[in-house]
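According to the numbering used here, the sequence shown holds residues 292 to 978 in order.
Since the structure comes first, as structure tokens, the remarks are kept for the end.
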Amino acid sequence: MLKILNLNIGRIALLLAIVTWLALLFVDLVRLFGVINQMDTGFSPEITWILQTLFFIMVFLFFHNDIKKNEGISFLDLIWKGVSTGLFAAGITVLVRFFYFLLGNSRLSTDPLLQNFFYHVNFGLSTIFLISVTLIWRQLILYQKDKNVVQQWQAFEIIMLVSMFFVFFNQTTFNYSFIFGLFFIYIFGIILSVNLKWIPYLTFKEKWKSILYLVLILLATGFLFFHTVTQTEQATVVVSLTENLFLLGLFGFVFIYALFSFLVTLFNLPTSSVFEQKLTEAINFQKLSQSIQPGQSENEVLDILMDSCMSAAYVDAAWLELSPLGENPTVIHQRFISEEDRAEVEEQLKNAKPFKDFLIKVEPKPFEHLSGKINHPFYKSALIIPLRVNKEVLGHIYLLKEVKDGFNKEMINIISTFVGQASISVENHRLLSEAIKNERYKEELEIAQRVQRSLLPSVLHKNECFDIAGLSEAADEVGGDYYETFQFTQDRFAIIIGDVSGKGTSAAFNMSQMKGVFHTLVQQDLSPSTFLSQANGALGRCLEKNHFITTTYYVLDTSTKSIIYSRAGHCPTLYYSALQNTCAYLKVDGLGLGILRNSQYSKFIKEKTIQYQPGDIMLMYTDGIVEAKNGEGEEFGFENLQEVLKQNYTLSPENLVKKIMEKVYEFIGTDTMPDDDYSLLIVKFLK
292 MLKILNLNIG RIALLLAIVT WLALLFVDLV RLFGVINQMD TGFSPEITWI
342 LQTLFFIMVF LFFHNDIKKN EGISFLDLIW KGVSTGLFAA GITVLVRFFY
392 FLLGNSRLST DPLLQNFFYH VNFGLSTIFL ISVTLIWRQL ILYQKDKNVV
442 QQWQAFEIIM LVSMFFVFFN QTTFNYSFIF GLFFIYIFGI ILSVNLKWIP
492 YLTFKEKWKS ILYLVLILLA TGFLFFHTVT QTEQATVVVS LTENLFLLGL
542 FGFVFIYALF SFLVTLFNLP TSSVFEQKLT EAINFQKLSQ SIQPGQSENE
592 VLDILMDSCM SAAYVDAAWL ELSPLGENPT VIHQRFISEE DRAEVEEQLK
642 NAKPFKDFLI KVEPKPFEHL SGKINHPFYK SALIIPLRVN KEVLGHIYLL
692 KEVKDGFNKE MINIISTFVG QASISVENHR LLSEAIKNER YKEELEIAQR
742 VQRSLLPSVL HKNECFDIAG LSEAADEVGG DYYETFQFTQ DRFAIIIGDV
792 SGKGTSAAFN MSQMKGVFHT LVQQDLSPST FLSQANGALG RCLEKNHFIT
842 TTYYVLDTST KSIIYSRAGH CPTLYYSALQ NTCAYLKVDG LGLGILRNSQ
892 YSKFIKEKTI QYQPGDIMLM YTDGIVEAKN GEGEEFGFEN LQEVLKQNYT
942 LSPENLVKKI MEKVYEFIGT DTMPDDDYSL LIVKFLK
């Protein structure tokens, strides 16, 4: 219902804008006709100003509604809307100039009615361009909004609204009051133009595109302004529409913000993208959480968690409560909020969606986070994130902001990363401390086992075009093998398999780091080679110098029947071709993650694409399979694995995994303990 209402508002505003512009054109043409023929038309200048103001308002409502409907689009797509509007307006203006060039010195070229018509066309196009880009700048300025920025923008909107009606009180153009008003608007525009927090979130390529778009907006603004000034001087007009404080103020603000954005983006090109910045923050916090030793206070971790979350989301107040089983929640940390205000906020949360179901119900449904608006005198939006490990909720962190819709997707993602790492750290701290009092080694391994099981996927993504199955067994109580899948769309999937150097607890923790990096990077939908380069940069900052990770990353597209993959020192993939009835290892060069920890790493990663056919099988494994040794020290080897697949290609992936493991254990013998982790991941293409 709300979407239909917004759509109707946009259509009504557009229709009224067109009608108002036509009425404005009619009134001014009639008045001009009366001046030429020395007739009294009865239309006063105030009618023109009223219609002009109504046109400004209708255009504003239309683009405000349009941008609100597209709040989720990227920065570049948003700026492109302004570029396309500017190019259209400038293009029409160029055509008008060319039309007059063709007329030459003919009588029609000096016709005042024709000049007045094109004068109104230029006025309408310039207004549309300026208001649309101003609203785009508004979205960018308020991207990482806080109370001060919101108040500054609201003040600017009031100033611009007043400037619309300035002509009613001051009919003389470019007098002292007019110049002072214009100067005041430009100064305010400069103050707002320092809010460029969206720029660091652009990648290197996106920054180059944004520079191009901003240059086009600057050129369009300058060209339209120059044409407006010259046309006002040359055209025969009774009432000037373009020598208007509101319109000239918008020209200056649009140009100033575009110029600031252009310069800052240009100077930011050498810097890291925001993804790298966010990943660095997460890794630093992860390293800190892993450095905690038994005997230290867990309050230190939660104290750092509070500071990290508040800094990442520009939070105005927060508190953290723990919820021990069978006990009432206890607030252990509270920042910038009194007990009275906290009690009031909790009451407001109980009456606001989506918080009330969580706070009122005895056994609420599990959730990743809750965010929304609240009706409080000071705080307008809230975010609640649970501290959870293995589905057990340790407590909740409450974050408050003084502005509505204060928590965007990027903020929630980084806060969730902090909370997730802190939750694991607190739980590990508790369990490890208890293990010291009892059986330290045994308890430590049990903890690591639970962590590892939670890191391996319970469900592997697939569609009707392929089947998939996996298995992982640790040589010790815990291991360092890792595999997972991710679904981009109905037809596109990411698949990863990896092996952490070493065994036991250290390998398991490094495996958790690999999982965190995978979930952060895979959402960027990168190519396999770029994914591995970015992963190497992230892991290189947190792995110990004598540790590394081998992995292979695949992007599977069932719509094109293609597999794009890159290998980082991992075992070559075994591939069965149903068409040729052959098994072969896919070869592509690649260096393990963490071996080379600088920008040169990307030179050692290659990318390859293959096409699959129905019946083909892709077998991914870790080196524990082929290096499994029997009592005589002989390895199972690549040839045996190849032979098992060739003889059992008709089996389903699940049964094929069982068959391979049966052959491995048959080879090493039941009395021989595995000396490395065993992991298999098999994909069989059905159509």
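We put the CB at the ideal spot given by N, CA and C, even for glycine.
These numbers come from a predicted model, not from an experiment.
Cβ-Cβ distance between residue i and residue j below 8 Å
i    : j    : result
T339 : D368 : no
F822 : S792 : no
G663 : F649 : no
L493 : F366 : yes
L487 : F558 : no
V846 : A826 : no
S857 : K806 : no
L611 : M597 : yes
G789 : T841 : yes
H667 : V636 : yes
G828 : G860 : no
A380 : S417 : yes
I676 : S707 : yes
M451 : A604 : no
F895 : G881 : yes
V935 : K920 : no
G472 : L393 : no
Y774 : L972 : yes
K496 : V606 : no
F757 : L977 : yes
I431 : H355 : Per the sequence shown, residue 431 should be read as Leu rather than Ile. It is not a contact, given that the beta carbons lie outside the stated cut-off.
I908 : Y969 : no
G771 : A799 : yes
G301 : F353 : yes
I378 : A549 : One detail in the question is off: residue 378 reads as Leu in this sequence, not Ile. No, these two residues do not count as a Cβ contact at 8 Å.
Residue i: first and last residue of the uninterrupted beta strand (DSSP E) it sits in
i    : result
E683 : 683–692
M773 : Looking at the sequence itself, residue 773 is Tyr, so the reference to Met does not match. Its beta strand (DSSP E) spans residues 772–778.
G382 : Here G382 belongs to no beta strand (DSSP E); instead the alpha helix (DSSP H) covers 366–394.
V622 : 621–626
Y844 : 840–848
K899 : 899–902
Beta bridge counterpart(s) of residue i as assigned by DSSP
i    : result
G761 : L972
I703 : According to DSSP, I703 bridges with nothing at all.
E612 : V622, H687
R679 : V684
V940 : For the record, residue 940 in the displayed sequence is Tyr; it is not Val. Paired residues: none, contrary to the question.
S672 : K664, K692
S853 : D848, Q902
Assigned exposure category for residue i - 16 Cβ within 10 Å defines buried
i    : result
V506 : exposed
S850 : exposed
L865 : buried
L830 : buried
Y689 : buried
I547 : buried
N413 : buried
Y903 : buried
F460 : exposed
P620 : exposed
T913 : buried
G586 : Residue placement at G586 cannot be trusted, given a pLDDT of 49 that sits under 50; what the coordinates show is reported in the next sentence. The residue is exposed, with fewer than 16 neighbouring Cβ atoms inside 10 Å.
K975 : buried
S582 : Residue placement at S582 cannot be trusted, given a pLDDT of 47 that sits under 50; the coordinates are not used to answer.
T556 : buried
E918 : exposed
R398 : exposed
Beta carbon proximity, residue i to chain B, threshold 8 Å
i    : result
L596 : In the displayed structure, chain B is absent; only one protein chain is listed.
Residue span of the alpha helix (DSSP H) that contains residue i, given as start and end
i    : result
D594 : 590–604
F558 : 536–559
G237 : This structure cannot speak to residue 237, because the chain is shown only from 292 to 978.
V791 : From DSSP, V791 is part of no alpha helix (DSSP H) but of the beta strand (DSSP E) over 783–791.
L751 : First-last for L751: undefined, no H or E at that position.
G663 : Counting along the chain, G663 falls outside any alpha helix (DSSP H), though it belongs to the beta strand (DSSP E) covering 661–664.
R633 : 630–641
N889 : No alpha helix (DSSP H) holds N889; DSSP gives it neither H nor E.
Y467 : 467–483
W270 : Nothing about residue 270 can be read from this structure; the chain reaches only from 292 to 978.
**Asked** Which parts of the stretch 855–881 are runs of the alpha helix (DSSP H), unbroken and 4 residues or longer, counting only runs that do not cross its ends?
**Response** none
**Prompt:** Counting only runs that start and end within the stretch 907–933, where is the alpha helix (DSSP H) found for 4 or more residues in a row?
**Reply:** 914–917
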